Amino acid sequence: MVKPEKRIILKYADEPNYTQDIDCYLKHGGYEMLKKAFKMKPEEVCAEVMDSGVRGRGGAGFPAGMKWKFLDRKSGKPIYLICNADESEPGTFKDRQIIHKDPHQLLEGMLITAYATQTKLAFIYIRGEMQEGARILERAIEEAREKNLLGDNILGSDYSCDMLVHRGAGAYICGEETGLIESLEGKRAYPRIKPPYFPAVLGLYQCPTIVNNVETLCHVKHIVEYGGKEYAKIGTPGNTGTRIWSVSGLVNKPGYYEYACGEITLGELIYDVCGGLLPGRSLKAVIPGGSSSKILRADERFTGTLKNGETFDWGITDIPMDFDSLAACGSMSGSGAVIVMDDSVDMVEALANINAFYAHESCGQCTPCREGSLWMKKVTQRMTHGGAREEDADLLHSISTQISGRTICAHGEACAWPTESFINKFKDEFVAKASQPARRSEEALRLI
Amino acid sequence: MSESKEETELVTMNIDGQDYELPAGMNLVDAMASVKKEVPHYCYHPKLSVSGNCRMCLVEMGMPMKDRDTGEAILDDAGKQKIGWMPRPGIACNSKVAPGLHVRTNTDLVKDCRESVMEFLLVNHPLDCPICDQAGECRLQEFATDYGRGYSRFIEDKNVKPKRTQLGPRVMLDDERCILCSRCIRFCDEIVDDPVLGFTERGSYSTLTCYPGKQLENNYSLNTVDLCPVGALTSTDFRFKMRVWFLKPVRSICTESSVGVNTEVWSREGKIYRVTPRRNDAVNDTWMSDSGRELYRQVEAETRLKRFGTDGRKACIAEAIERAVELIKVGPVAYVASGHMSVEEQYLLRKVIEIEPGSVHMLRHEKEGDGLLISNDRTPNTRGALVTQLTQTLPDTDFSQLATKLDAGEIQTIVVFGEDLLANGIKAEQLKKINIVYFGTHANATSELARALLPTLTVFEKNGSFINQQFRLQTFLQCIPGPAGLLPDVVLIAKLRAALQGEKAIDPGVNEIWREMSEDLPIFAGLSFANIGETGKLLDSQAFVDLPFCEGKTLHYEPQAQALAGAVKS
Numbered sequence: 003m004v005k006p007e008k009r010i011i012l013k014y015a016d017e018p019n020y021t022q023d024i025d026c027y028l029k030h031g032g033y034e035m036l037k038k039a040f041k042m043k044p045e046e047v048c049a050e051v052m053d054s055g056v057r058g059r060g061g062a063g064f065p066a067g068m069k070w071k072f073l074d075r076k077s078g079k080p081i082y083l084i085c086n087a088d089e090s091e092p093g094t095f096k097d098r099q100i101i102h103k104d105p106h107q108l109l110e111g112m113l114i115t116a117y118a119t120q121t122k123l124a125f126i127y128i129r130g131e132m133q134e135g136a137r138i139l140e141r142a143i144e145e146a147r148e149k150n151l152l153g154d155n156i157l158g159s160d161y162s163c164d165m166l167v168h169r170g171a172g173a174y175i176c177g178e179e180t181g182l183i184e185s186l187e188g189k190r191a192y193p194r195i196k197p198p199y200f201p202a203v204l205g206l207y208q209c210p211t212i213v214n215n216v217e218t219l220c221h222v223k224h225i226v227e228y229g230g231k232e233y234a235k236i237g238t239p240g241n242t243g244t245r246i247w248s249v250s251g252l253v254n255k256p257g258y259y260e261y262a263c264g265e266i267t268l269g270e271l272i273y274d275v276c277g278g279l280l281p282g283r284s285l286k287a288v289i290p291g292g293s294s295s296k297i298l299r300a301d302e303r304f305t306g307t308l309k310n311g312e313t314f315d316w317g318i319t320d321i322p323m324d325f326d327s328l329a330a331c332g333s334m335s336g337s338g339a340v341i342v343m344d345d346s347v348d349m350v351e352a353l354a355n356i357n358a359f360y361a362h363e364s365c366g367q368c369t370p371c372r373e374g375s376l377w378m379k380k381v382t383q384r385m386t387h388g389g390a391r392e393e394d395a396d397l398l399h400s401i402s403t404q405i406s407g408r409t410i411c412a413h414g415e416a417c418a419w420p421t422e423s424f425i426n427k428f429k430d431e432f433v434a435k436a437s438q439p440a441r442r443s444e445e446a447l448r449l450i
Numbered sequence: 073m074s075e076s077k078e079e080t081e082l083v084t085m086n087i088d089g090q091d092y093e094l095p096a097g098m099n100l101v102d103a104m105a106s107v108k109k110e111v112p113h114y115c116y117h118p119k120l121s122v123s124g125n126c127r128m129c130l131v132e133m134g135m136p137m138k139d140r141d142t143g144e145a146i147l148d149d150a151g152k153q154k155i156g157w158m159p160r161p162g163i164a165c166n167s168k169v170a171p172g173l174h175v176r177t178n179t180d181l182v183k184d185c186r187e188s189v190m191e192f193l194l195v196n197h198p199l200d201c202p203i204c205d206q207a208g209e210c211r212l213q214e215f216a217t218d219y220g221r222g223y224s225r226f227i228e229d230k231n232v233k234p235k236r237t238q239l240g241p242r243v244m245l246d247d248e249r250c251i252l253c254s255r256c257i258r259f260c261d262e263i264v265d266d267p268v269l270g271f272t273e274r275g276s277y278s279t280l281t282c283y284p285g286k287q288l289e290n291n292y293s294l295n296t297v298d299l300c301p302v303g304a305l306t307s308t309d310f311r312f313k314m315r316v317w318f319l320k321p322v323r324s325i326c327t328e329s330s331v332g333v334n335t336e337v338w339s340r341e342g343k344i345y346r347v348t349p350r351r352n353d354a355v356n357d358t359w360m361s362d363s364g365r366e367l368y369r370q371v372e373a374e375t376r377l378k379r380f381g382t383d384g385r386k387a388c389i390a391e392a393i394e395r396a397v398e399l400i401k402v403g404p405v406a407y408v409a410s411g412h413m414s415v416e417e418q419y420l421l422r423k424v425i426e427i428e429p430g431s432v433h434m435l436r437h438e439k440e441g442d443g444l445l446i447s448n449d450r451t452p453n454t455r456g457a458l459v460t461q462l463t464q465t466l467p468d469t470d471f472s473q474l475a476t477k478l479d480a481g482e483i484q485t486i487v488v489f490g491e492d493l494l495a496n497g498i499k500a501e502q503l504k505k506i507n508i509v510y511f512g513t514h515a516n517a518t519s520e521l522a523r524a525l526l527p528t529l530t531v532f533e534k535n536g537s538f539i540n541q542q543f544r545l546q547t548f549l550q551c552i553p554g555p556a557g558l559l560p561d562v563v564l565i566a567k568l569r570a571a572l573q574g575e576k577a578i579d580p581g582v583n584e585i586w587r588e589m590s591e592d593l594p595i596f597a598g599l600s601f602a603n604i605g606e607t608g609k610l611l612d613s614q615a616f617v618d619l620p621f622c623e624g625k626t627l628h629y630e631p632q633a634q635a636l637a638g639a640v641k642s
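Structural data, given as structure tokens:
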């Protein structure tokens with residue numbers, strides 16, 4: 003029996019006859035929460051979000067209410083809101099669904115957030131490749147403006163806010179909030195050093211700035227709808243609300259599924275919701291939160307103590323899908339991108355693919371990530387082209403530990419963790435590669 | 073300009089278990105260097121913004137732990153306050169000295185961080201030290217030796233990048249050697265405001281380059297070569313000329329303008345190969361102009377005067393001095409002094425004038441400066457003439473006063489120091505019946521007419537001092553020997569002075585002259601050539617505040633602030 007989804011964000015998205023335009027959205031109760039928020043004081047909206055405990059859906063899982071609290075409101079400078087729609091983590095395809103199918107929900111969430119933080123100008127920074135999404139958002143903004151939901155004196159109130167869509171040029175690093183801000187300012191997307199450049203204090207144009215993920219901003223609308231305390235009852239304590247899991251890889255029904263945090267286990271997600279593995283295959287490993295999160299091995303036992311003091315002893319299929327449980331298992335829920343691998347997957351090939359991506363996407367600013375990511379890519383590429391040595395596993399592991407924790411931004415971890423965890427969990431395969439014949443010839447498709 | 077440094081509070085911080093008193097807010101890299109704790113770094117530069125990209129300066133940092141609620145110190149078993157070490161290493165260049173800050177540089181983690189960064193920097197580095205100009209003063213070499221593992225684990229193909237990119241007329245780029253520290257980019261953006269450099273490509277393929285259609289051709293471009301910690305940026309003038317370990321650096325002062333940029337002159341076997349800036353935070357920071365670096369070429373110029381002469385014939389020193397004395401005694405005499413003369417020379421000339429009085433003329437070499445390190449006054453020592461009381465007024469814009477005197481027949485002999493009268497408004501017929509005694513380094517139309525010709529030395533070949541626009545007294549030292557048979561200017565003037573008095577000269581060095589000057593001039597009381605120091609001594613400018621100096625604002629100099637500082641002192 004498949005547990006039914008709990009769709010809040012995607013409530014209408016896949017309904018027949020539900021369209022992107024504002025009339026359809028208004029028919030489904032659209033912008034009512036904005037009106038409700040306008041009846042509250044901005045601080046009250048902030049307090050509701052704080053009470054809801056909603057955590058960022060972009061990857062780091064930082065509580066959104068806390069992020070807003072850090073905002074420097076005393077500087078006298080304008081406050082900016084940026085919606086991070088630079089969804090680029092391999093395996094992730096949830097924000098695109100929202101933008102394509104229900105753009106006004108994002109706009110409403112953003113407007114409530116803008117009102118709560120007293121922002122006069124909000125940006126949607128959308129990934130360059132998502133041309134269609136940008137077009138949809140621009141049209142949605144135009145529609146909202148026509149209905150006086152955006153612009154001067156919104157809905158007759160004395161609050162004004164405008165919104166702009168900015169298209170990136172397709173760099174993964176622009177998903178890092180300070181890199182995004184640099185890019186939005188028209189510069190090379192080099193992430194900034196923190197301190198002092200915390201966006202909440204010195205963000206866009208050196209002004210206090212809030213950067214939130216698309217899904218997070220959509221949740222703000224529903225927090226206003228439910229009320230913070232009521233919203234917090236969805237999911238488990240510390241892991242409130244629903245999450246959209248983007249499942250890809252070797253399952254029968256890959257796709258996006260929205261469930262309350264902790265409501266289902268990884269096993270239920272793979273075997274029930276996604277229809278299980280391909281015929282005759284067995285589960286080998288799962289990357290639970292986008293390609294930068296640490297891989298989980300199918301035959302592992304995960305033991306330890308949770309934040310609430312409970313001890314746990316889980317197999318991979320027992321892991322509840324929420325922030326804290328995945329973190330307790332040594333990985334992370336990241337952007338909610340679950341990548342399933344069965345026994346047909348060659349782990350060296352898989353890592354070579356991931357390493358190629360991170361080497362390509364390293365911005366090149368700081369040494370460990372810049373040189374380390376390409377080095378790891380060169381090693382794994384050599385290994386997949388018949389040049390593997392037995393010592394390569396240890397070398398790769400050593401390189402990865404030389405990167406994480408020593409870089410300007412989290413891309414250091416993003417590029418190091420896959421290698422570190424692949425070697426930790428599948429070292430035998432990497433060592434054995436040395437005695438196997440090459441699966442690809444040198445002429446075969448080169449990565450990047 | 074005030075000599076006193078800003079009052080900064082000293083606070084106690086702990087480095088590797090030892091307490092140090094350091095100024096609060098000082099950059100940690102600089103602070104630790106000041107107590108001989110080297111933090112290796114590439115991208116950090118004290119005069120540029122913090123970029124934090126090389127990650128070489130990673131150290132462990134911690135603060136004494138306090139109870140969050142009560143604010144009380146948390147103690148360990150031994151009763152000492154516990155240190156809350158940060159879970160990750162942090163970059164020292166982005167940290168400042170703070171009370172109670174604890175830093176560890178000798179742990180396994182810090183050692184591993186440094187080894188890692190060195191390894192990463194070298195994986196795609198061409199390791200072409202044998203043909204690299206930077207070898208011997210290369211941070212990669214130095215830190216690889218001090219902090220590297222000493223072996224390589226890299227067996228892949230190295231990245232290939234452009235090897236010879238001409239960034240501008242004076243700077244060549246080898247992209248494979250570049251470690252992407254961005255110092256040169258930040259220098260162009262922040263110091264010269266000529267943002268022409270940037271990176272293209274991404275990740276390890278990042279490539280330093282000029283923007284399309286732009287060139288690195290500003291007059292400060294060679295500073296990028298000094299800034300470059302590796303051999304990526306090289307000077308087209310110095311490239312492949314000499315190994316740096318053969319060169320001897322001697323401190324000097326740039327004569328380009330009255331800014332008085334502190335320099336280092338690098339020579340070998342009497343030949344100068346390059347001039348680089350020397351750090352002086354009150355004058356030029358760590359910069360100098362490209363045009364100033366080229367002034368060493370005057371040493372080997374073809375027009376260099378190398379032989380003494382009398383009435384158009386070669387002569388020995390004694391003959392030339394004797395002839396000069398004769399001509400001066402013919403009188404009436406006028407003296408054309410110069411802001412290019414050192415303080416010592418100007419002082420001795422004043423002593424000569426006291427024996428054989430005559431009018432003193434100086435020419436103002438005014439040309440618009442660049443607001444950074446080139447001022448409007450293109451002589452290094454106009455202030456010296458005032459301080460030594462050689463003259464009471466600022467130099468004239470032209471020689472019209474001298475011309476009037478010549479036309480009126482009031483002058484029979486002119487003693488000229490370095491100036492070309494004919495190129496500056498005096499006509500040949502005006503000098504026809506005039507005796508010229510010429511002291512100078514290079515031939516010109518006026519020196520051709522000299523009846524006593526006394527060749528002198530360039531700033532690179534003698535000791536002395538200049539007083540810059542801030543009234544900062546700065547010394548320069550002899551870097552190379554002068555042409556065979558020539559004597560320092562002060563010796564020549566001293567010989568002239570003795571001969572005019574009928575005495576036998578004792579050839580003085582700068583030390584003897586300073587002994588005399590410090591007794592003679594109250595402004596120099598207590599000073600000697602040796603105790604002026606490497607960064608100079610600021611003199612009391614109060615007596616000269618009212619003079620209309622021609623300098624505008626430059627780095628570390630504001631005309632109004634200068635006047636105010638003088639007024640306050642009074």
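Going down the list, the protein sequences come from chains A and B. Heads up, the first sequence is in our numbering, so the first residue is 3 and it goes up one at a time. Heads up, the second sequence is in our numbering, so the first residue is 73 and it goes up one at a time. All C-beta atoms, glycine included, are put in the ideal place defined by N, C-alpha and C. Quick caveat: nothing in here was measured; it's all calculated off a predicted structure.
Range covered by the alpha helix (DSSP H) that runs through residue i
i, result
"Ser-519 of chain B", "517–520"
"Phe-325 of chain A", "325–330"
"Gln-383 of chain A", "369–384"
"Arg-369 of chain B", "First-last for Arg-369 of chain B: undefined, no H or E at that position."
Range of the contiguous beta strand (DSSP E) that encloses residue i
i, result
"Gln-90 of chain B", "90–95"
"Trp-452 of chain A", "As displayed, chain A neither begins before 3 nor continues past 450, which places residue 452 of chain A out of reach and without an answer."
"Val-169 of chain B", "Counting along the chain, Val-169 of chain B falls outside any beta strand (DSSP E), and DSSP gives it neither H nor E."
"Lys-524 of chain B", "The question names Lys, but residue 524 of chain B in the sequence shown is Ala. That run of the beta strand (DSSP E) goes 524–527."
"Thr-307 of chain A", "303–307"
Given residue i as reference, the closest of the options once Cα atoms are compared
i, options, result
"Ile-356 of chain A", "A:Leu-308, A:Lys-8, A:Ile-289, A:Ala-136", "A:Ile-289"
"His-437 of chain B", "B:Tyr-114, B:Cys-622, B:Thr-80, B:Val-189", "B:Cys-622"
"Thr-307 of chain A", "A:Ser-294, A:Cys-331, A:Ala-142, A:Asp-160", "A:Cys-331"
Beta-ladder partner(s) of residue i, from DSSP
i, result
"Asp-344 of chain A", "A:Leu-285"
"Glu-336 of chain B", "B:Arg-323, B:Thr-348"
"Gln-238 of chain B", "B:Met-244"
"Pro-65 of chain A", "A:Arg-57"
"Val-408 of chain B", "B:His-433, B:Val-488"
"Trp-157 of chain B", "B:Gly-134"
"Leu-610 of chain B", "B:Arg-544"
Residue i and residue j closer than 8 Å at C-beta
i, j, result
"Ala-234 of chain A", "Gly-55 of chain A", "yes"
"Tyr-292 of chain B", "Ile-263 of chain B", "yes"
"Thr-382 of chain B", "Glu-391 of chain B", "yes"
"Val-216 of chain A", "Ile-341 of chain A", "no"
"Asn-241 of chain A", "Gly-264 of chain A", "yes"
"Pro-580 of chain B", "Leu-529 of chain B", "no"
Any non-hydrogen atom of the ligand ADP within 7 Å of residue i CB
i, result
"Asn-540 of chain B", "In the structure shown, the ligand ADP is absent, as is every other ligand, since no ligand is present at all."
- Of all the residues that make up the segment 172–192 of chain B, which are near chain A by a beta-carbon distance shorter than 9 Å? Asp-184, Cys-185, Glu-187, Ser-188, Val-189, Glu-191, Phe-192
- Query: Between the segment 118–143 of chain B and chain A, which residues of the former have CB atoms less than 9 Å from a CB of the latter, in chain order?
  - Reply: Identification of residues in the segment 118–143 of chain B having a C-beta nearer than 9 Å to some C-beta of chain A yields Val-122, Ser-123, Gly-124, Asn-125, Cys-126, Arg-127, Met-128, Leu-130, given in sequence order.
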